[in-house]
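S.K.:
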Amino acid sequence: MARKTAGLFYLVVLGSLVGCLPGASESGAGTGAVARAEASGESVLAQGSARGWRPPAPLDSKRAMGYLEKLCKLGSRTTGTVGMQQQQRLLEEHFGGLGGQIQWQTFNHKHPLTGQSVEVRNLMVRWKPELATRVLLCSHYDTRPFPDQDPKNPRGLFVGANDGGSSTALLMELGHAMSKLDLKVGVDFLFFDAEELVYGAGVNTTGDYFVGSTYFAEQLVTEGPQQTYRAGILMDMVGDKELQLSWDEVSFKHAPGLAKEVWGIAKELGLKEFSPRVLHSIRDDHLPLNEIAKLPTIDIIDFDYPTVASRSKSYWHTMADTPDKCSGESMTKVAAVVMAWLQRQKP
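Residues 462 to 808 in my numbering are what the sequence shown lists, from first letter to last.
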């Protein structure tokens, strides 16, 4: 594997998860708030919970959905493609306009089919860059080259609305609130490239998973300390209209306290979509963060798309993974939980 570095991120990981103490208890949104939010297009939580928790800025589900649709209109966003380059420009302009500090981590990777060098680019958007203690909010923003699980056309167009698009759109929406948060720690949005630069299906696959996140984790270990990461939250497949979020084995093995805390916040906010049980063993970008960088990181992911009962007819890795299967309300519910978690971080 040939690697060329540019604009590396120099950070180190705390040995333990600290400063994530829960604040005053909040409860779930009342039915009146739900009705008002659905009518306005804001998140159910945008207008506050029954006990008065209010996010510092509204989370707009219609706007989040608009971001998702805009991403999918680019078509395939596979690593190194024109669609990915267009998305990179779009995200740089979007977050720069919201006041985020943009950094790129660029390196080369051997393409699994051609053997040629392909450029991989992780995007970091930094909020409160002057603060040394930081947390990570992560998403992969590439799409798989083809819908390998599609029963009719496994070489068709894959736009990855839920898988790659929803978590990216969520962070685009959350970006509107970041300048309004009273943050005690720095926050970095990190978009991993080449999460699944993989061709084929099942045992007949060619390529590597988690290329961007593995490289990032390796650099955390080798480049030396300048700043400190306390914890990370990865989001993936968070746009399903029938959202069901449970713990995965990797998250619960490496960061059980963080997993319980985040799901506990969801319970306080009355979000029944978060179920505190281990349901799947999922290999995702949180794996290298936990195992290589030793950074306690959980994955908020709804792998059963649309539901556990419909697993045999899943939209996952098919041409059916399109925006109409997704919900802005699902994305903003997850964003509200993450926002509440950020507000509880102590220096």
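Note that the Cβ used here is the ideal one computed from N, Cα and C, for glycine as well. Keep in mind the model is a prediction, meaning the values are calculated, not measured.
Whole angstroms is fine: what's the gap from ALA655's alpha carbon to HIS601's?
M.R.: Approximately 8 Å between the Cα atoms of the pair.
S.K.: Going by the CB atoms, is the gap between HIS555 and MET633 shorter than 7 Å?
M.R.: Yes; because the gap between Cβ atoms is below 7 Å, this pair is in contact.
S.K.: Mind checking who ALA692 pairs with in its DSSP beta bridge?
M.R.: Paired residues: VAL596.
S.K.: When burial is assigned at 16 or more other CB atoms within 10 Å of the CB, is GLN806 buried or exposed?
M.R.: Classification of GLN806: buried, given that the 10 Å Cβ count is 16 or more.
S.K.: Check whether the stretch 782-791 touches the stretch 620-629, taking contact to mean three or more Cβ pairs, one atom from each stretch, closer than 8 Å.
M.R.: Touching, yes, given that three or more Cβ pairs across the two stretches are closer than 8 Å.
S.K.: Which residues does DSSP pair with TYR453 in a beta bridge?
M.R.: Not covered by the structure: residue 453. The range shown for the chain is 462 to 808.
S.K.: Does DSSP classify LEU482 as helix, strand or coil?
M.R.: Note that LEU482 scores a pLDDT of 26, beneath 50, so its modelled location is shaky; the value from the coordinates is reported in the next line. Reduced to three states, the DSSP call for LEU482 is coil.
S.K.: Pick helix, strand or coil for MET698, following the three-state DSSP scheme.
M.R.: Correct three-state label for MET698: coil.
S.K.: Hey, would you say GLY541 sits closer than 7 Å to VAL579, going by beta carbons?
M.R.: In this structure, VAL579 lies closer than 7 Å to GLY541 by Cβ.
S.K.: Identify whether GLY725 lies in helix, strand or coil by the three-state DSSP scheme.
M.R.: DSSP places GLY725 in helix when its eight states are reduced to three.
S.K.: Between MET526, MET800, ARG515 and ILE694, which has its C-alpha nearest GLU790's C-alpha?
M.R.: Nearest of MET526, MET800, ARG515 and ILE694 to GLU790, Cα basis: MET526.
S.K.: Are three or more beta carbon pairs between the stretch 745-764 and the stretch 581-589 nearer than 8 Å?
M.R.: Result no; under three Cβ-Cβ pairs closer than 8 Å.
S.K.: Using the Cα positions of VAL755 and ASP697, report the straight-line distance between them to the nearest angstrom.
M.R.: Just to set this straight, residue 755 is Lys in the shown sequence, not Val. Roughly 20 Å separates the two Cα atoms.
S.K.: Unbroken beta strand (DSSP E) runs of length 3 or more, entirely within the stretch 555-592: which are they?
M.R.: For the stretch 555-592, whole beta strand (DSSP E) runs of length 3 or above, ordered along the chain, are 562-571 and 578-588.
S.K.: Round the Cβ separation of ALA797 and LEU706 to the nearest angstrom and send it over; I've been treating them as touching at under 8 Å.
M.R.: The pair is not a contact, with the Cβ atoms about 13 Å apart (cut-off 8 Å).
S.K.: What does a CB cutoff of less than 8 Å around SER788 pick up in its chain, not counting 5 residues either side in sequence?
M.R.: Same-chain partners within the cutoff: SER522, MET526, GLY700, ASP701, LYS702 and LEU704.
S.K.: Report yes or no: do the stretch 655-665 and the stretch 602-622 share at least 3 C-beta pairs separated by less than 8 Å?
M.R.: Cβ pair count under 8 Å is three or more, so yes.
S.K.: In whole angstroms, give me the CA-to-CA distance for PHE568 and LYS534.
M.R.: Rounded to the nearest angstrom, the two C-alpha atoms are 27 Å apart.
S.K.: Just reading off the beta strand (DSSP E) that PRO737 is part of, what are its end residues?
M.R.: From DSSP, the beta strand (DSSP E) with PRO737 extends over 735-741.
S.K.: Got a sec, what are the start and stop residues for the beta strand (DSSP E) LEU706 sits in?
M.R.: From DSSP, the beta strand (DSSP E) with LEU706 extends over 706-709.
S.K.: For the putative contact between PRO517 and GLN562, defined by C-beta atoms under 8 Å, what is the C-beta separation to the nearest angstrom?
M.R.: Not a contact, Cβ separation roughly 20 Å.
S.K.: For VAL711, collect the residues of the same chain with a Cβ closer than 8 Å to its Cβ; drop the 5 residues on either side in sequence, then sort them by chain order.
M.R.: Excluding positions up to five away in sequence, the list reads SER742, ILE743, ARG744, ASP745, HIS747, LEU748, ASN751 and ASP760.
S.K.: Taking the DSSP output, what are the residues bridged to GLY647?
M.R.: ARG595, per the DSSP bridge assignment.
S.K.: For ASN665, does the three-state DSSP call read helix, strand or coil?
M.R.: Note: ASN665 maps to strand in three-state DSSP.
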